[in-house]
Amino acid sequence: EDAAIMFDAICDPDCSHLALSHIFGCNRKGVRGLRVGLDKRYVMDDVDPEVSCAVFEASNVLRSLGVELVDVSLPSEVNDSLQIWKTIALVEAVMSSHSRVNEHFVDGHGPGFSLVLSAGANVKAIDYLKACKKREHIASKIISVLSKVDCLICPSMSKAAPDVVADPAYLTDEEWALID
């Protein structure tokens, strides 16, 4: 239920018809009867086997709890989403930063994050706008897939979780490269 409330909070207002809070309402007991979309290609392509295995194991647990797993196909453009996300995230990191970006260092941030902010400051406006348009296109296709199921099960990351660091704002350049 908590995840559904968070999904609703971050969801685009134009997607209110996808609100999950009605699915996981206070009167609902468990997950029996939910229709959960599973794109096996998406779960396996360019994903560490450890992560794919975990998703399939979770799918089996959900099935044992009464979830109906539905084969779905996410749009092929989803494969472009990492580059689109990077472009948008770099620019939005700069927009949300209260620090002045210069070519050597950003005051108050470690060298790794300073590189992120510098890269974001160098993204051309046209590239940012193209990425936003592509994101909108992909989102509309995903909404179409979601119209057939209650939710999707998929990996949140293609690699197993990295070791926890004390403060990601102070990662070294080498540590930032590992996350990429």
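One point on numbering: in the numbering used here, the residue at position 58 of the sequence shown is 58, and numbering is uninterrupted. Note that beta-carbon positions come from the ideal geometry of N, C-alpha and C, so glycine has one too. Predicted, not measured: the structure shown is a model, and the values here were computed from it.
Query raised in the report: Tell me the DSSP bridge mates of Leu152?
Result: Gly37
Report task. Would you list the one or two residues that DSSP bridges to Leu69? Result -> Val36
**Report entry** C-alpha gap between Leu146 and Asp163, whole angstroms
**Finding:** Cα to Cα, Leu146 sits roughly 33 Å from Asp163.
Query raised in the report: Roughly how many angstroms lie between the CA atoms of Asp150 and Ser140, to the nearest whole one?
Result: 16 Å
Query raised in the report: If you draw a straight line from the C-alpha of Ser64 to the C-alpha of Ser73, how long is it?
Result: Cα to Cα, the separation comes out at about 23 Å.
Query raised in the report: So does the stretch 124-138 actually touch the stretch 40-60, counting three or more Cβ pairs closer than 8 Å?
Result: no
Query raised in the report: If you draw a straight line from the alpha carbon of Ser118 to that of Ser52, how long is it in whole angstroms?
Result: 34 Å
Requested in this report: Would you decide whether Thr172 is buried or exposed? Buried here means 16 or more other CB atoms lie within 10 Å of its CB.
Outcome: exposed
Query raised in the report: What is the DSSP secondary structure of Thr87, reduced to helix, strand or coil?
Result: helix
Query raised in the report: Say the cut is 7 Å; is the CB of Asp127 nearer than that to a heavy atom of the ligand NAP?
Result: Ligands displayed in this structure: none; no statement on the ligand NAP is therefore possible.
Query raised in the report: Over what stretch of residues does the alpha helix (DSSP H) that includes Ala58 continue unbroken?
Result: Pro49 to Ser64
Query raised in the report: In terms of alpha-carbon separation, which member of Tyr128, Lys159, Val123 and Val78 lies closest to Ile143?
Result: Val78
Query raised in the report: In whole angstroms, what separates the C-alpha of Leu90 from that of Ser81?
Result: 14 Å
**Report entry** Exposed unless 16 or more other CB atoms sit within 10 angstroms - verdict on Val61
**Finding:** exposed
Query raised in the report: By a C-beta neighbour count over all protein chains shown, 10 Å radius and 16 as the cutoff for buried, is Ser114 buried or exposed?
Result: buried
Query raised in the report: Hey, would you say Ala131 sits closer than 8 Å to Ile88, going by beta carbons?
Result: yes
Report task. Take Ile153 and list the residues in its own chain whose beta-carbon comes closer than 6 Å to its own, dropping the five residues that flank it on each side. Result -> Val36, Leu38 and Ser59
Query - Beta-carbon spacing of Ala93, Val116 below 8 Å - result: yes
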